[in-house]
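Worksheet: the structure to be examined is printed underneath.
There are 2 protein chains.
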Amino acid sequence: MISEAVQDYLKTIYKLQEDTGVVSTSALAEAMEVAAASVTGMVKKLASLKLVRHHPYQGVVLSKAGEKMALEVIRHHRLLELYLAEALGYSWDKVHEEAERLEHVISEEFEEKIFEALGRPTRDPHGDPIPAKDGTVVAAEHDRLSDLEPGATGVIRQVSDSDAEVLRYLGTRGLVPNAPVEVLEKAPFNGPVTVKTRETSHVLGRDLAQHIRVETRPEDET
Amino acid sequence: MISEAVQDYLKTIYKLQEDTGVVSTSALAEAMEVAAASVTGMVKKLASLKLVRHHPYQGVVLSKAGEKMALEVIRHHRLLELYLAEALGYSWDKVHEEAERLEHVISEEFEEKIFEALGRPTRDPHGDPIPAKDGTVVAAEHDRLSDLEPGATGVIRQVSDSDAEVLRYLGTRGLVPNAPVEVLEKAPFNGPVTVKTRETSHVLGRDLAQHIRVETRPEDET
DNA sequence: ATAATTTTTTAGGTGAGGCTAAAATAATCT
DNA sequence: AGATTATTTTAGCCTCACCTAAAAAATTAT
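Right, dumping it as structure tokens:
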């Protein structure tokens, strides 16, 4: 049997990995709220279970199997959050805590039943994807930069324009895939959009901004 | 924090106590599926927590506080069973196992929500009472012996007849409070009812059977 | 009443998953 | 480079809930 502790570590590693690639012992210790020494011990165990790869002093990476388990827990968590809110009328600030405990003990059947009851959702109300049973994760939603409201932040995922000249132009401004952006201002009608990249801000025509797809990070939405 | 193990012990002690008054170490070990030595250890702990009273070699009795905790767990369990069946369409053979795990992790709020969603029930579909939040337990249902169908078994709880002669007559047949009975046959219309007591069976007029109240044990119902 | 049997408790041990303090390694500053 | 600082690992302990084997107490049988 896989313990709840293991499930929690895998889930936490997955989330840290999403943000930062490789996961350090101290980051994991901080996120799990345990001492670093405890993490070292658990990471050894996870490695022996082939759920993570670990090179001492270099952090940890989920294996295929570890990722699958992490996604199962995350699927449980997000389905539960959704169910608690939709079916039981929980307010959104309370669902997380409850789901945190329930996620470890519900059966596949329970998962299946609430999944159906909710109409087989693939995304929770935060916009976060609900991993599928087979481990598939729907791509995060990509919005047109031109559709975002001021205050929205995210990461550029795609820049599509038929004109290579335009792409080069955007590139010199740091508007390339994986670059973080923030919308500062947005003129009404078809007016320009002001965006902030790593260092400076730029004013883009609405037509240009339309071809830049951004993955917004939910917690940064207006 | 009260561990799940403690909750499980209290629940089990409560149930055994219902049947047999005082609970022996070995009975508890058997019910919990652990070694007797483990029970001795846990019972010591429960006693130190003032959840049970324990006199070595004489078994264990729940304290007021212990009973309250036991009832909370049982309330969770029965509400969950009902909810799983009613709201999620679980079949009755699967609800127990799922409730067994969930009962330890749901919050008071979760309990409250499903209680309301179910219409504030006081009894589960087995007929078992659902303890109230304040620890009140509705009396077990007493059926007229004359209303039971063949196959039903239970324990006599009340024999009410104005005629002392009749009571004596029934007494000689073992039809007294706390005696187990089983309905063997039941004639149509107002015909007689054939019941089995400890050793022998008797045929009773419907009018007589009407005055005998039986507490049926759910698992023996038709 | 004594012996045999059963029940319960004690003694000592195990594995999980934590902890602290100290040692080892890596990274950073001057 | 060498020293300081930060991170990670090792070593050794703790608690919890279980275990087995042996001792003690209670019960039952002769």
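Heads up: the sequence lines are chains A and B, in that order.
When the first sequence is numbered by the working numbering, its final residue is 1180 and no position is left out of the sequence of numbers.
When the second sequence is numbered by the working numbering, its final residue is 1180 and no position is left out of the sequence of numbers.
Just so you know, even glycine gets a beta-carbon here, dropped at the ideal spot from N, CA and C.
#1: With a 10 Å radius around its C-beta and 16 neighbouring C-beta atoms as the bar for buried, classify Gln1016 (chain B) as buried or exposed.
#2: Using a Cβ-Cβ distance under 7 Å, would Glu991 (chain A) count as near chain B?
#3: Check whether chain A comes within 7 Å of Ser1021 (chain B), counting only Cβ atoms and requiring the distance to be less than that.
#4: Strictly under 7 Å for the Cβ-Cβ distance: is Glu1056 (chain A) near chain B by that measure?
#5: In the DSSP assignment, find the beta strand (DSSP E) that holds Thr1174 (chain B) and state where it starts and stops.
#6: So, for Leu1162 (chain B): in the same chain, excluding its five sequence neighbours on each side, which residues have a beta-carbon less than 7 Å away from its beta-carbon?
#7: Any beta-carbon of chain B closer than 7 Å to the one on Leu1131 (chain A)?
#8: With three or more C-beta pairs closer than 8 Å as the rule, is the region 1051 to 1065 of chain A touching the region 1093 to 1109 of chain A?
#9: Of all the CB atoms in chain A, is at least one closer than 7 Å to the CB of Lys1071 (chain B)?
#10: Establish whether the CB of Val1063 (chain A) and some CB of chain B are separated by less than 7 Å.
#11: Quick check: the Cα distance between Thr998 (chain B) and Thr983 (chain B), rounded to an integer number of angstroms?
#12: Which stretch, first to last residue, makes up the alpha helix (DSSP H) that contains Arg1036 (chain A)?
#13: Whole angstroms is fine: what's the gap from His1082 (chain A)'s alpha carbon to Ile1088 (chain A)'s?
#14: On the CB-based measure, 16 or more other CB atoms within 10 Å of its CB, does Thr978 (chain B) come out buried or exposed?
#15: Identify each residue in the region 1019 to 1050 of chain A for which the Cβ-Cβ distance to at least one residue of chain B is less than 9 Å, and report them in chain order.
#16: Which whole-angstrom value describes the C-beta separation of Pro1108 (chain B) and Leu1142 (chain B), a residue pair presumed to lie in contact below a C-beta threshold of 8 Å?
#17: Glu1061 (chain B) to Ile1032 (chain B), Cα distance in whole Å?
#18: As an exercise, report each continuous alpha helix (DSSP H) stretch of at least 4 residues that is fully enclosed by the region 1044 to 1109 of chain A, in chain order.
#19: From this set, B:Ala1075, B:Glu1066 and B:Val1113, which residue's C-alpha is nearest Asp1092 (chain B)'s C-alpha?
#20: So if DSSP puts His1012 (chain B) in a beta bridge, which residue, or which two residues, is it bridged to?
#21: Measuring only between beta-carbons, confirm whether Arg1059 (chain A) sits less than 7 Å from chain B.
#22: If Val964 (chain A) and Leu1020 (chain A) are in contact, beta carbons under 8 Å, what's the gap, nearest whole angstrom?
#23: To the nearest angstrom, how far is the alpha carbon of Arg1171 (chain A) from that of Asp1165 (chain A)?
#24: Express the C-alpha separation of Val1063 (chain A) and Met959 (chain B) in angstroms, rounding to a whole number.
#25: From Leu1037 (chain B) to Thr1080 (chain B), what does the alpha carbon distance come to, in whole angstroms?
#26: State the beta-bridge partners of Val1144 (chain A) as determined by DSSP.
#27: Glu1177 (chain B): buried (16+ other C-beta within 10 angstroms of its C-beta) or exposed?
#28: Could you tell me which residues DSSP puts in a beta bridge with Ser1159 (chain B)?
A quick look at the data gives this:
#1: exposed
#2: no
#3: no
#4: yes
#5: Ile1170 to Thr1174
#6: Pro1150, Val1151 and Val1153
#7: Sequence inspection shows Arg at residue 1131 (chain A); the Leu mentioned does not correspond to that position. It does not: the Cβ of Arg1131 (chain A) has no partner Cβ on chain B nearer than 7 Å.
#8: no
#9: yes
#10: yes
#11: 7 Å
#12: Lys1022 to Leu1046
#13: His is not the amino acid found at residue 1082 (chain A); the sequence shown has Asp there. So the alpha carbons of these two residues sit roughly 6 Å apart.
#14: exposed
#15: Leu1042, Ala1045, Leu1046, Gly1047 and Tyr1048
#16: 6 Å
#17: 8 Å
#18: 1050 to 1060 and 1066 to 1075
#19: B:Glu1066
#20: B:Val1018
#21: yes
#22: Between Leu1020 (chain A) and Val964 (chain A) the Cβ distance is about 12 Å, and since that is not below 8 Å, they are no contact.
#23: 13 Å
#24: 19 Å
#25: 9 Å
#26: Looking at the sequence itself, residue 1144 (chain A) is Lys, so the reference to Val does not match. Lys1144 (chain A) is bridged to A:Val1151.
#27: With a pLDDT of 48 at Glu1177 (chain B), under the threshold of 50, the modelled position of that residue is not reliable, and the figure given next carries that caveat. So Glu1177 (chain B) ends up on the exposed side.
#28: B:Lys1154
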